[in-house]
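Heads up, the working numbering is the position in the sequence shown plus 104, with the first residue counted as 1.
The C-beta atom is built at its ideal place from N, Cα and C for all residues, glycine as well.
For reference, the structure discussed in these notes is given below.
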Amino acid sequence: MSNEINDDDDAITPQGDAAASSGGVTVGGNVGGNIIVGDHNTIVNQYPAPESFLHQLPAPPHDFTGRKTELDELTKAVDRGVTISGVQGQGGVGKTALALQLAQKLLPLYPAAQFFLDLRGVSDSPLTPAEAMAHVIRAYRPNERLPDDDGQLKAIYQSVLHDQKALLLMDNAKDKDQVLPLIPPHTCCLIVTSRQHFALPGLYTQNLEVMSSDDARDLLTIIAPHLTRHDSRITNELASLCAYLPLALRAAASTLAEEIDLDPADYAKQLRDEKTRLGLKGVTATTGEISVEASLNLSYRQLSDEAKRVFRCLSVFPADFDAQAEDMICEDGKHKQLSELVKRSLVNYNREKKRYWLHDLIRIYSKSLLSVEQKNAITLRHVDYYLKLFIADEDAAFRTDAINLSEASAWLSGLEEKMDLTNEGHRDVQWAIKMFQASLRIRFDDTPENPQETEQA
Ligand SMILES: Nc1ncnc2c1ncn2[C@@H]1O[C@H](COP(=O)(O)OP(=O)(O)OP(=O)(O)O)[C@@H](O)[C@H]1O
Ligand SMILES: [Mg+2]
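See the structure below:
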């Protein structure tokens with residue numbers, strides 16, 4: 105294309121890069137009047153923004169289910185005047201789906217434009233803030249040669265959005281450094297989703313957890329309605345095997361909807377196998393079809409080697425745990441890596457109880473990354489830690505972990521499967537486990553046994 109200034113009426117027509125690079129004048133469309141910017145004397149003219157680029161929002165899933173509380177809280181925050189909302193949480197938990205549903209709800213308030221950008225935060229090549237800004241600017245000025253200077257680019261970004269009632273949905277943010285330069289003027293609304301927890305001035309965050317059991321069951325039966333003709337316990341079991349994770353729920357329900365001769369009870373049996381559950385394949389707005397395992401792998405491969413090591417070790421905890429136990433068992437000084445994993449939504453944290461836990465599917469995934477030797481080594485450290493704690497101060501053991509008999513017993517009964525305890529070298533652990541088992545029963549007053557007999561058994 106060539107650009108020329110028409111002498112008759114001062115109208116400016118679009119022109120290509122050649123003139124700019126040779127010191128000529130480059131012209132593009134603008135909503136805010138004529139300005140001159142950049143090294144190349146770019147003249148920006150007042151053209152109406154092309155309609156086709158201004159309304160980019162994909163529709164939310166047509167079967168969007170639940171999330172009423174989260175949607176209400178996010179909407180109320182926008183009503184209060186919050187202009188940046190963050191939806192943060194683990195992969196596949198439904199951040200994009202919720203953000204799209206929220207955007208749809210807010211659409212009447214932001215009629216001028218709605219942008220959708222995948223910031224590719226968990227990929228090897230996240231969008232730079234400059235690329236993200238360019239995406240928005242080009243919707244208004246498709247023919248403009250943009251300046252290389254970030255400061256100038258930001259000025260144009262702010263200018264095109266100035267006084268606009270525009271909504272920007274930036275999906276999959278990497279971190280706050282990526283988002284900070286993209287904060288739009290106050291007339292706009294920015295919704296950011298991320299697997300990473302971060303804070304920004306003026307950012308209202310909604311931490312998204314897995315679905316409630318009711319919503320999970322609803323989603324399963326909306327996608328696979330024939331489930332309602334079966335015993336409701338099957339739907340409950342399916343929801344629980346999917347650990348209430350929307351990605352897994354959609355995958356399981358879609359399989360049942362597509363494979364019409366697959367009996368739901370048989371399918372539930374298949375899903376009891378951990379590997380089968382990790383292999384569940386759902387569809388997301390940005391990745392297309394993806395398995396639970398591959399979705400988690402996107403987060404895992406971004407970790408430092410040390411964080412990876414600690415993440416793998418965490419699979420040893422069958423239930424929730426405290427920072428002290430993790431620090432000792434996973435050799436994670438001052439639980440630094442644990443905090444990093446919380447930040448990246450691979451570990452959950454309960455502020456009131458000050459305890460951490462892994463989502464079921466994340467624990468299965470973490471365990472799948474351990475070799476047999478690593479599994480045995482970490483299990484020994486786990487046993488050793490609790491036994492020492494137990495022997496030193498029985499009460500302390502129960503204050504810091506194992507809250508009830510079933511939790512403690514589940515942990516103990518899993519031990520012999522996890523490890524080859526017939527090995528001579530593990531005799532001390534075998535003995536300690538038996539003592540511990542007997543003491544647990546006494547402590548919880550459950551068919552008391554003589555620890556001495558158990559030891560000899
Ligand atoms: N409330 C919901 N109702 C119906 N389907 C949902 C809901 N939430 C999530 N889903 C479905 O679950 C799958 C995963 O959701 P989504 O892509 O939003 O997860 P995400 O948290 O954005 O994951 P990622 O971190 O990988 O981007 C999608 O198929 C989506 O349609
Ligand atoms: Mg997403």
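Report yes if the C-beta of residue i is less than 8 Å from at least one heavy atom of ligand 2; otherwise report no.
| i | result |
| --- | --- |
| residue 479 | no |
Under 8 Å: does the beta carbon of residue i sit that close to some heavy atom of ligand 1?
| i | result |
| --- | --- |
| residue 399 | yes |
| residue 466 | no |
| residue 394 | yes |
| residue 319 | yes |
| residue 169 | yes |
| residue 288 | no |
| residue 402 | yes |
| residue 315 | yes |
| residue 300 | no |
| residue 351 | yes |
| residue 208 | no |
| residue 226 | yes |
| residue 383 | no |
| residue 165 | yes |
| residue 455 | no |
| residue 249 | no |
| residue 190 | no |
| residue 223 | no |
| residue 345 | no |
| residue 245 | no |
| residue 420 | no |
| residue 406 | no |
| residue 282 | no |
| residue 437 | no |
Using the rule of at least 16 other Cβ atoms within 10 Å of the residue's Cβ for burial, across every protein chain shown, is residue i buried or exposed?
| i | result |
| --- | --- |
| residue 192 | buried |
| residue 476 | exposed |
| residue 188 | buried |
| residue 125 | In this predicted model, residue 125 has a pLDDT of only 35, less than 50, meaning its place in the structure is not dependable; the value taken from the coordinates is given anyway. Burial call: exposed. |
| residue 252 | exposed |
| residue 195 | buried |
| residue 266 | exposed |
| residue 387 | exposed |
| residue 290 | exposed |
| residue 236 | buried |
| residue 137 | At residue 137, the pLDDT of 37 sits below 50, so the modelled position is not reliable and the matter cannot be decided from this model. |
| residue 380 | exposed |
| residue 222 | buried |
| residue 306 | exposed |
| residue 457 | exposed |
| residue 399 | buried |
Pick helix, strand or coil for residue i, following the three-state DSSP scheme.
| i | result |
| --- | --- |
| residue 436 | coil |
| residue 367 | coil |
| residue 279 | coil |
| residue 227 | coil |
| residue 340 | helix |
| residue 163 | coil |
| residue 487 | helix |
| residue 453 | strand |
| residue 298 | strand |
| residue 351 | helix |
> Could you give the uninterrupted runs of the alpha helix (DSSP H) lying entirely in the stretch 387 to 414, keeping only those of 4 residues or more?
Replying inline: 396 to 404
> How would the residue list near ligand 2 read, in chain order, if you kept each one whose beta-carbon is closer than 7 Å to any heavy atom?
Replying inline: 199, 200, 275, 276, 297, 388, 389 and 390
> Enumerated in chain order, which unbroken segments of the beta strand (DSSP E) with a length of 3 residues or greater are wholly contained in the stretch 192 to 246?
Replying inline: 217 to 222
> What are the start and end residues of each continuous alpha helix (DSSP H) run of 4 or more residues lying completely inside the stretch 167 to 192, in chain order?
Replying inline: 172 to 183
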